[in-house]
Amino acid sequence: MLKTDPMEVLVVGKDERAITTTNYVLDEKTGLVSVANVDKELIPAVDQQIKVGVGQEEEIPYETRYVADETLEKGVKLIKVAGQMGIRHPNGTVTKEPVTELIAVSTMPTVVEEPLSFETIYQDDPTMPAGTFCVITSGKEGLKRLVTTYEVDELTGELIETTTEEIVEPVAEVIAKGTKVEEKVVQAEPVAVQPKEAMPQKEQVVTKAPELPQLGDSQDVTAALLGSLGILSALGLVAF
1 MLKTDPMEVL VVGKDERAIT TTNYVLDEKT GLVSVANVDK ELIPAVDQQI KVGVGQEEEI
61 PYETRYVADE TLEKGVKLIK VAGQMGIRHP NGTVTKEPVT ELIAVSTMPT VVEEPLSFET
121 IYQDDPTMPA GTFCVITSGK EGLKRLVTTY EVDELTGELI ETTTEEIVEP VAEVIAKGTK
181 VEEKVVQAEP VAVQPKEAMP QKEQVVTKAP ELPQLGDSQD VTAALLGSLG ILSALGLVAF
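Oh and the sequence shown: position 159 is 159 in full-length UniProt numbering, straight run, nothing missing.
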């Protein structure tokens with residue numbers, strides 16, 4: 001019982017008391033009544049027993065549970081339901097049930113992104129003039145994404161993480177490169193040609209060589225020829 005509980009009488013108290021019993025005798029001859037004996041009985045007192053509460057209420061601790069909440073910022077915990085102690089009466093009766101405390105723990109995923117460069121590919125195109133370029137396919141960067149998700153241990157609130165990798169492949173840029181070489185046609189400019197004036201021809205003087213005398217041997221012939229050439233040279237008809 002609690003101190004505040006009303007007292008309960010277990011045994012009603014009684015005072016001590018004595019009971020006297022007197023016995024009488026009747027004389028039949030004379031009709032007189034006389035006291036034969038007197039008996040005395042002593043009844044002891046009875047203590048009154050009262051039950052008084054001296055007990056105290058016992059608190060019943062509450063439990064704590066953790067739940068995941070992806071809407072909370074990373075590292076944040078929020079009490080959604082405050083815990084309350086229960087109460088147990090000294091007689092064992094639970095007068096108030098405990099209320100479980102509910103704590104929300106942030107499980108907002110962590111995302112780390114890394115761009116992936118695209119490759120540039122050049123393709124020769126013989127139909128395009130050399131030195132010219134044309135983009136056939138525009139390049140596009142890829143993406144490497146690391147996503148970390150979390151689960152919450154219901155009893156301890158500990159976070160259990162799982163990381164997955166997602167890759168978006170880059171798109172290569174394709175560029176056509178002209179390789180056609182055009183032949184240059186050089187057109188000659190017209191040149192005016194001046195007509196040459198006719199040069200007067202010199203009159204050729206033909207001089208008949210004198211007849212040489214017949215010589216007997218070759219030495220004489222040679223000497224004769226040299227003599228004739230000397231004469232022609234003097235006349236300007238032979239050039240050496």
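Cβ atoms here follow ideal geometry from the backbone N, Cα and C, with glycine treated the same way.
Please report the straight-line C-alpha distance between residue 71 and residue 137, rounded to a whole angstrom. Roughly 41 Å between the two C-alpha positions.
With which residues is residue 173 paired in a DSSP beta bridge? DSSP, once it has assigned bridges, lists 120 as partnering residue 173.
Less than 8 Å between the beta carbons of residue 57 and residue 88, yes or no? Contact flag set, yes.
Within 10 angstroms of the Cβ of residue 263, are there 16 or more other Cβ atoms? Answer buried if so, exposed if not. An answer regarding residue 263 cannot be provided, because it is not within the stretch 1 to 240 covered by the chain.
Would DSSP call residue 209 helix, strand or coil? Low confidence applies to residue 209: its pLDDT is 49, below 50, so where it sits in the model is not reliable enough to give any reading.
Quick one: is residue 66 buried, meaning 16 or more other Cβ sit within 10 Å of its Cβ, or exposed? Buried.
If you drop the 5 nearest sequence neighbours on each side, which residues of the same chain put their C-beta closer than 8 Å to that of residue 75? The beta carbon of residue 75 sits closer than 8 Å to the beta carbons of 106 from its chain, once the five residues preceding and following it are set aside; these are given in chain order.
Pick from 100, 95, 96 that is closest to residue 83, judged by C-alpha positions: Looking only at 100, 95, 96, the smallest Cα-Cα distance to residue 83 is reached by 100.
Can you tell me where the beta strand (DSSP E) with residue 9 in it begins and where it stops? Residue 9 -> beta strand (DSSP E) spans 8-11.
Based on Cα-Cα distance, which residue from 131, 97, 159, 27 lies nearest to residue 181? Check the Cα spacing between residue 181 and each of 131, 97, 159, 27: the tightest is with 131.
Please report the distance separating the alpha-carbon of residue 118 from that of residue 142. Cα to Cα, the separation comes out at about 7 Å.
According to DSSP, residues forming a beta bridge with residue 165: Partner(s): 146.
Proximal residues to residue 122 (C-beta, below 7 Å), its chain only, five neighbours per side dropped: Same-chain partners within the cutoff: 175, 177.
Going straight from the alpha carbon of residue 5 to that of residue 47, what length do you get? The straight-line gap from Cα to Cα measures roughly 22 Å.
Are the beta-carbon atoms belonging to residue 50 and residue 94 less than 8 Å from one another? Their beta carbons are not under 8 Å apart, which means residue 50 does not touch residue 94 by this criterion.
Spatial distance of residue 171 from residue 146 (CA atoms): Residue 171 and residue 146 have their C-alpha atoms some 20 Å from each other.
Just the Cα atoms here: how many angstroms apart are residue 144 and residue 135? About 26 Å.
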